[in-house]
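Residue numbers (our numbering): 17 to 381. Some notes on the structure that comes next.
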Ligand code: HEM
């Protein structure tokens with residue numbers, strides 16, 4: 017009996033609980049319609065913004081008229097303010113050094129850097145028209161000498177391809193608005209720049225990895241040796257046609273290794289990582305400085321890279337093949353790297369000598 021009453025009470029309570037929302041909704045006034053525009057004059061106590069005309073951009077400025085343009089910011093304070101978000105610079109709305117950095121980057125760096133690269137291309141063109149391609153003096157023997165093994169070539173190709181991607185995307189980011197925007201238009205250029213920025217951000221770390229691997233593989237043959245000073249003093253005799261003796265790499269190539277791969281590679285990698293990872297809590301000024309150093313290093317790196325690519329393709333016949341399938345003709349080795357050739361012949365080096373049918377040539381034991 018007691019149990020039946022308890023069950024009845026429970027059922028009544030449950031029923032009341034379920035019915036409550038229905039009753040409440042029936043008694044509630046109809047909800048107001050969702051406003052289609054933000055409340056303005058009828059919004060009770062909300063103060064109405066004074067109707068002040070937006071400031072006009074400075075004469076000659078390309079900014080769109082409105083509040084969010086440079087002249088309107090001039091009156092804002094550069095002093096640190098209270099900010100509840102911890103971190104470097106989070107309490108500073110206007111950072112004065114940013115203006116100096118922007119003027120430096122958009123002024124001398126863009127202008128001089130751009131003209132420097134145009135100058136390098138012009139020198140290469142003049143050199144090519146004047147000297148043409150340096151061909152072998154003697155006839156090729158048909159015996160092939162291994163110049164780069166598969167691992168050496170793969171590492172060189174990864175560096176070269178990532179370098180080209182970084183250089184092209186960096187050129188779009190820095191000079192694009194001067195040389196590409198005028199003929200591509202805003203829509204296309206915006207698309208290209210976003211693509212370039214993402215390519216640059218992701219290929220950067222791959223490039224760093226590839227230059228470390230390349231350094232480890234190639235460093236053993238890039239230490240300076242007696243005779244390198246004389247080679248440099250006469251530019252290796254390349255222009256006179258009487259090339260001076262050199263080992264596996266000549267002094268010019270060794271300079272490219274140390275100045276390009278090691279010094280510029282390190283500078284560009286460290287500054288690139290500072291730009292790639294702003295979440296490392298570096299301030300804006302550190303990133304501006306990193307950017308300036310990065311671009312200056314990039315201009316020199318691209319200039320030297322252009323020279324290197326020219327020598328390896330159009331300038332010295334037969335060099336390209338060493339990158340393609342790893343081999344050079346015996347005459348090429350004798351004329352361009354005579355000390356290395358002697359070492360290979362004498363068996364003091366690991367590189368292989370092959371005939372056209374890939375058999376050891378007579379005398380090669
Ligand atoms: C061959 C090597 C490289 C070249 C030639 C190069 C070139 C450039 C150039 C010209 C810019 C444009 C700077 C500007 O507009 O102010 C740039 C920006 C940048 N670089 Fe590099 N760079 C190279 C390697 C790297 C590496 C290794 C990294 C990272 C690990 C990197 C990360 C960046 C970042 C994050 C930016 C800023 C991109 C942006 O504005 O959003 N770069 N680089």
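Cβ coordinates follow ideal geometry from the N, Cα and C atoms, glycine included.
Beta carbon of residue i: closer than 7 Å to some heavy atom of the ligand HEM?
i	result
residue 258	no
residue 285	yes
residue 189	yes
residue 177	no
residue 302	no
residue 324	no
residue 194	no
residue 221	yes
residue 123	no
residue 114	no
residue 165	no
residue 120	no
When you compare only the Cα positions, how much space is there between residue i and residue j?
i	j	result
residue 197	residue 285	28 Å
residue 117	residue 260	46 Å
residue 363	residue 162	13 Å
residue 190	residue 249	36 Å
residue 148	residue 256	13 Å
residue 180	residue 137	16 Å
residue 360	residue 368	8 Å
residue 178	residue 171	11 Å
residue 229	residue 210	29 Å
residue 188	residue 157	46 Å
residue 275	residue 110	38 Å
residue 299	residue 205	29 Å
residue 52	residue 104	The predicted position of residue 52 is uncertain, since its pLDDT is 44 and thus under 50; no value can be drawn from it.
residue 102	residue 293	18 Å
Assuming residue i contacts residue j under a Cβ cut-off of 8 Å, what Cβ separation, rounded to an integer in Å, is found between them?
i	j	result
residue 264	residue 207	That belief does not hold up - the Cβ atoms of residue 264 and residue 207 are roughly 45 Å apart, past 8 Å.
residue 94	residue 76	Their Cβ separation, rounded to whole angstroms, is 24 Å, which puts residue 94 and residue 76 out of contact at 8 Å.
residue 129	residue 283	Residue 129 to residue 283, Cβ: 15 Å. No contact.
residue 322	residue 303	Contact doesn't hold; Cβ gap of about 28 Å is too wide.
residue 164	residue 333	No, residue 164 and residue 333 are not in contact; Cβ-Cβ is about 17 Å, not under 8 Å.
residue 289	residue 231	No, residue 289 and residue 231 are not in contact; Cβ-Cβ is about 17 Å, not under 8 Å.
residue 96	residue 115	Not confirmed; about 17 Å, so no contact.
residue 330	residue 144	6 Å
residue 317	residue 271	Not a contact, Cβ separation roughly 14 Å.
residue 133	residue 319	6 Å
Within 8 Å of any Cβ in chain B, is that where the Cβ of residue i sits?
i	result
residue 309	As a matter of chain content, chain B is missing from the structure shown, which is built from one protein chain.
Under the criterion of a Cβ to heavy atom distance below 7 Å, does residue i qualify as lining the ligand SAM?
i	result
residue 123	The ligand SAM is not part of this structure, which contains only the ligand HEM.
**Request:** Specify whether the segment 153 to 161 and the segment 181 to 195 touch according to this definition: at least 3 beta carbon pairs, one from each stretch, less than 8 Å apart.
**Result:** Under the 8 Å Cβ criterion, the segment 153 to 161 does not count as touching the segment 181 to 195, having fewer than three qualifying pairs.
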